[in-house]
Amino acid sequence: MEIRRIEGVYLQHALETSQGLKAENVSKQLNLRLLSTVPEALLQAFSEGKSYLKGYVLEAYGRNLRILLNNNQEILAENMSDVEVQEGDYLELALEGKNPLSLRIISLQRKTGIDQILDIAFGPSESFLFDLGKEDIISQIKNSGLFYERKLLSFLTGNIGLNEILEDTKAQIILNLLSLAENVQSQFNIQENNVQNLDSIKNLFLAIMNKTENLAEIRNLLRSLYLENLNNWELAQFIRFIESSGNRQILETMERGDKDVLIHLLYREIQNLLHTPAGKSLNLAFERLKTMVFYLKDTEIKEQLNNFIKALDSGKIEDLRDSHRKLVGLLEEREKLLPLRERIERDGLQWIERLNIIIQAQRIMANDGVLVVPFKWESRKASIILRSDKDEYRVFVNLNYPEGFISAMLLYPKSKETKGLSLRFYTNSEVFYSKLETSKHILESMLKEEDIRVKEIMFNLIPTLQDLKKIIKGEIHSTNLYLVV
9 MEIRRIEGVY LQHALETSQG LKAENVSKQL NLRLLSTVPE ALLQAFSEGK SYLKGYVLEA
69 YGRNLRILLN NNQEILAENM SDVEVQEGDY LELALEGKNP LSLRIISLQR KTGIDQILDI
129 AFGPSESFLF DLGKEDIISQ IKNSGLFYER KLLSFLTGNI GLNEILEDTK AQIILNLLSL
189 AENVQSQFNI QENNVQNLDS IKNLFLAIMN KTENLAEIRN LLRSLYLENL NNWELAQFIR
249 FIESSGNRQI LETMERGDKD VLIHLLYREI QNLLHTPAGK SLNLAFERLK TMVFYLKDTE
309 IKEQLNNFIK ALDSGKIEDL RDSHRKLVGL LEEREKLLPL RERIERDGLQ WIERLNIIIQ
369 AQRIMANDGV LVVPFKWESR KASIILRSDK DEYRVFVNLN YPEGFISAML LYPKSKETKG
429 LSLRFYTNSE VFYSKLETSK HILESMLKEE DIRVKEIMFN LIPTLQDLKK IIKGEIHSTN
489 LYLVV
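In structure tokens, the structure reads:
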């Protein structure tokens, strides 16, 4: 059996010069290879007209999964993809094909804790904060990326125009990531279109980061071997020592500028040079290069550096020349990628972080209607958490100031018969607490003008932000999180 796809909608390609925007439905692969015999009852269940079966993941050990279906049949499967399925997940599986038997995941449900919500509310990236100081707040939230998939489906069915898609933050991030990924591909001379999703883009960026890691350090260590990192006093002292020791070969090699022979001679004489500043620097450079062989992530640089070390140990000048030339040539080739690395670090990683935050917020939104909106208020971080329960609406607002925080929990019943607003304020500042108490009558008057009946207004002085989080945990409970629709 093969569970082949989690259906999702992604914006695949950026605007092309002559073709406009190409948007497609793309299936993200989730392959589960069955490790047990297909139960007849499983086939029978679908033949009886059931549109889907539910399953519960009993165990997830490595890539192997043990799943209990709602018809009391148990199957063993191997997760063949990079999509994580965890113990305790609930799956809804629809029949996709019978030869071979394949199922499609139409829903994945996972228990989540309030901590995920608090992470978004209290620790969002600066780049993801909405600016509530701007006039058009509604448009900001509509185009925040939180509702991107719904808008994209409307676009694909012809209900909205292209401009509405391109105004969306998530669409802009995906377009930027695809553009940067295509730029990286062209420099890598990769012809295949293998940047179809976020994971492949991450892998591409990671390849650049690995290929350009430690370049500056290796270059600097080589300069130490050439004696180029010595200051004038250290170099003069080194030359006087070499002259006094009668080793004219090193001095002559320095005059000729033959770096390969110089490295060879210095490596042979290193024990006699350890009491000099130059000798200590040389020894550290040799030892550091030997150590780096064990943890470099770029296999090509690792191989060339290893060959260079082997040539040093062998004492063969021609081998040293060849390995040194190849190592330096490879470093020069990798250094051409440094502008790409700089752009990935400056833009690409930030875009990925923003996209991850949007995706996490979208998942939390599916948590029984919890919406988290991190925003800026007077240039400071703040947040709103909205939740619609069975009997009431709950809105939590948090504002941060240098003097402390001030937060409010608003509870408003849905029933017309029990209308009445409850307001609970929390702060860790005695100044804020005092101002809230003295301004209570003003707030009551404002709510009365809006014809809002007030059930209660409470003020609470609490010590720390951690105490506030505990209070929120008591007000906004954990429920189920639907990861896939």
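Counting from 9, one number per residue, gives the positions in the sequence shown under my numbering.
The beta-carbon is built from N, C-alpha and C at its ideal position, and this holds for glycine as well.
message: In whole angstroms, give me the CA-to-CA distance for Val-439 and Arg-388.
response: 19 Å
So Leu-313 is in the beta strand (DSSP E); what residue range does that whole segment cover? Premise fails: Leu-313 lies in the alpha helix (DSSP H), 307-322, not in any beta strand (DSSP E).
Query raised in the report: If we ignore side chains and look at the alpha-carbon of each, how far apart do Ala-416 and Leu-431 end up?
Result: Taking C-alpha positions only, Ala-416 is separated from Leu-431 by approximately 7 Å.
Worksheet item: Where do the N-terminal and C-terminal ends of the beta strand (DSSP E) with Gly-63 fall, by residue?
Response: 60-69
Legend entry - Boundaries (first-last residue) of the alpha helix (DSSP H) holding Thr-446: Run containing Thr-446: 438-446, per the alpha helix (DSSP H) assignment.
- [ ] Find the nearest neighbour of Leu-154 within the set Arg-248, Tyr-434, Asn-237 and Gln-368, judged by alpha-carbon distance.
- [x] For Leu-154, the nearest C-alpha among the options comes from Gln-368.
Practice task
Report the residue from Val-378, Leu-407, Asn-408 and Asn-280 whose alpha carbon sits nearest the alpha carbon of Lys-398.
Solution key: Val-378
Close beta carbons around Lys-267, own chain, < 6 Å, minus the five adjacent residues each side = Tyr-234
Checklist entry - Do the region 180-199 and the region 343-359 touch if we need at least three Cβ pairs shorter than 8 Å? => result yes
Per-residue burial, Asn-167 [other beta carbons within 10 Å of its own, 16 or more giving buried]: Looking at its Cβ environment, which holds fewer than 16 other Cβ atoms inside 10 Å, Asn-167 is exposed.
Can you tell me which residues form a DSSP beta bridge with Val-462? Partner(s): Leu-429.
key: Straight-line gap, Pro-382 to Ile-216 (C-alpha atoms, nearest Å)   = 32 Å
Rounded to the nearest angstrom, how far is the Cβ of Ile-479 from that of Tyr-434, given a contact under 8 Å? 7 Å
Evaluate contact between the region 316-330 and the region 268-281, counting only Cβ atoms and requiring at least three cross-stretch pairs below 8 Å.
As far as the Cβ criterion goes, the region 316-330 touches the region 268-281, which means the pair count is three or higher.
Problem - Nearest-angstrom Cβ-Cβ length linking Ile-247 and Leu-259, presumed shorter than 8 Å - result: 7 Å
Taking DSSP as the reference, what is the three-state secondary structure of Ile-480? DSSP, reduced to helix, strand and coil, places Ile-480 within a helical segment of the structure shown.
Alpha carbon to alpha carbon, how far is Gly-323 from Asn-222? 26 Å
Check your understanding: Could you give the distance in angstroms between the alpha-carbon of Leu-273 and the alpha-carbon of Asn-218?
Key -> 33 Å
Taking DSSP's pairing of strands, which residues face Glu-400 in a bridge? Pro-421
- Message: Tell me which residues share the same chain as Arg-231 and place their Cβ nearer than 7 Å to its Cβ, disregarding the 5 neighbours each side in the sequence.
- Response: Asn-237
*Based on the DSSP secondary-structure assignment, which residues constitute the bridge partners of Val-380?*
Ile-393
Note down, in chain order, each residue of its chain lying with its Cβ closer than 7 Å to the Cβ of Gly-412, except the 5 sequence neighbours on either side. Thr-435, Asn-436, Ser-437 and Phe-440
Point to revise | Gln-358 beta carbon less than 8 Å from that of Leu-335 | key: no
Review point. Rounded to the nearest angstrom, how far is the Cβ of Leu-160 from that of Ile-173, given a contact under 8 Å?
Key: 6 Å between Cβ atoms; contact.
contact_flag[the region 279-286, the region 298-312] where n(CB pairs < 8 Å) is 3 or more:
no
- Query: In three-state terms, what does DSSP make of Ile-209?
  - Reply: helix
- 8 Å Cβ shell around Leu-3 - same chain, five flanking residues per side excluded: This structure does not reach residue 3, given that the chain is present from 9 up to 493, and the question cannot be answered.
ask   = What's the gap between the Cα of Asp-459 and the Cα of Val-405?
value = 22 Å
Residue from Ser-289, Ser-442, Ile-365 and Pro-410 whose Cα sits closest to the Cα of Ile-181: Ile-365
Assumed close pair Ile-309, Leu-345 - CB separation to whole angstroms, cut-off 8 Å: Going by Cβ atoms, the distance from Ile-309 to Leu-345 rounds to 12 Å, so no, they are not a contact pair.
Tell me Ile-352's beta-bridge partners as DSSP assigns them. According to DSSP, which records beta bridges pairwise, Ile-352 is partnered with nothing at all.
Self-check item: Reduced DSSP secondary structure (H/G/I, E/B, other) of Ile-450
Solution: helix
* Asked: Between the beta-carbon of Gly-70 and the beta-carbon of Leu-185, is there less than 8 Å?
  -> no
field: Pair within 8 Å by beta-carbon distance, Ile-83 and Lys-210
entry: no
**Prompt:** Measuring CB to CB, does Asp-176 end up less than 8 Å from Asn-151?
**Reply:** yes
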